[in-house]
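Presented below is the structure to which this report refers.
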Amino acid sequence: WRARRVGNKSMATPIKVNRIGLEAQIYKGGKTTLCAGCGHNAISERIIDAFYEM
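If you're matching positions, the sequence shown starts at 25 in our numbering and goes up one per residue.
Encoded structure:
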(Lines of atoms letter the chains of each structure in order from A; the text may use other names.)
(Lines give C-alpha, C1' and ligand atoms only; values in the text may rest on other atoms or scores of the structure.)
Protein backbone atom coordinates (compact mmCIF):
# COMPACT_ATOMS: atom_id res chain seq x y z
CA TRP A 25 0.00 0.00 0.00
CA ARG A 26 1.07 3.54 -0.57
CA ALA A 27 -0.60 6.84 0.13
CA ARG A 28 -1.98 8.82 -2.78
CA ARG A 29 -0.29 12.20 -3.00
CA VAL A 30 -1.99 15.43 -4.00
CA GLY A 31 0.51 18.23 -4.34
CA ASN A 32 2.65 18.18 -1.20
CA LYS A 33 -0.03 16.54 0.96
CA SER A 34 -0.80 12.85 1.43
CA MET A 35 -4.42 11.78 1.50
CA ALA A 36 -5.50 9.47 4.31
CA THR A 37 -6.81 6.75 1.98
CA PRO A 38 -4.02 4.31 1.04
CA ILE A 39 -4.12 2.73 -2.41
CA LYS A 40 -3.12 -0.81 -3.24
CA VAL A 41 -0.26 -1.32 -5.67
CA ASN A 42 1.34 -4.46 -7.07
CA ARG A 43 4.98 -5.44 -6.56
CA ILE A 44 6.19 -3.10 -9.32
CA GLY A 45 4.28 -0.17 -7.84
CA LEU A 46 1.37 0.06 -10.27
CA GLU A 47 -2.29 0.46 -9.35
CA ALA A 48 -4.86 -1.96 -10.76
CA GLN A 49 -6.46 0.96 -12.65
CA ILE A 50 -3.40 1.05 -14.94
CA TYR A 51 -4.34 -2.37 -16.30
CA LYS A 52 -7.91 -1.45 -17.12
CA GLY A 53 -8.39 -0.12 -20.61
CA GLY A 54 -11.28 1.85 -22.00
CA LYS A 55 -14.93 1.14 -21.33
CA THR A 56 -15.83 -2.40 -22.33
CA THR A 57 -18.24 -3.30 -25.10
CA LEU A 58 -18.47 -6.90 -23.90
CA CYS A 59 -21.76 -8.26 -22.62
CA ALA A 60 -21.80 -8.35 -18.82
CA GLY A 61 -24.68 -10.83 -18.75
CA CYS A 62 -23.03 -13.65 -20.70
CA GLY A 63 -19.74 -13.75 -18.81
CA HIS A 64 -17.38 -12.30 -21.40
CA ASN A 65 -16.84 -9.20 -19.30
CA ALA A 66 -16.06 -11.38 -16.25
CA ILE A 67 -13.42 -13.27 -18.23
CA SER A 68 -11.76 -9.98 -19.21
CA GLU A 69 -11.80 -8.85 -15.57
CA ARG A 70 -10.04 -12.06 -14.47
CA ILE A 71 -7.37 -11.52 -17.15
CA ILE A 72 -6.82 -7.96 -15.89
CA ASP A 73 -6.60 -9.24 -12.31
CA ALA A 74 -4.07 -11.90 -13.34
CA PHE A 75 -1.78 -9.39 -15.04
CA TYR A 76 -2.03 -7.04 -12.06
CA GLU A 77 -1.05 -9.85 -9.67
CA MET A 78 1.95 -10.99 -11.78
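Where is the CB? At the ideal position from N, CA and C, for every residue including glycine.
Can K52 and I72 be called in contact, C-beta distance under 9 Å?
For the purposes of this step, residue 52 is identified with residue 28 of the sequence shown, where counting begins at 1. For the purposes of this step, residue 72 is identified with residue 48 of the sequence shown, where counting begins at 1. Yes, Cβ-Cβ distance for K52 and I72 is below 9 Å.
Straight-line CA distance for T37 to C62?
Counting from one through the sequence shown, the residue named residue 37 turns up at place 13. Counting from one through the sequence shown, the residue named residue 62 turns up at place 38. Whole-angstrom Cα-Cα distance: 35 Å.
With DSSP collapsed to three states, give me the class of I67.
Mapped onto the sequence shown, residue 67 falls at position 43. Helix.
Under three-state DSSP, which class holds I44?
Counted from its first residue, the sequence shown places residue 44 at position 20. Three-state DSSP puts I44 in coil, outside helix and strand.
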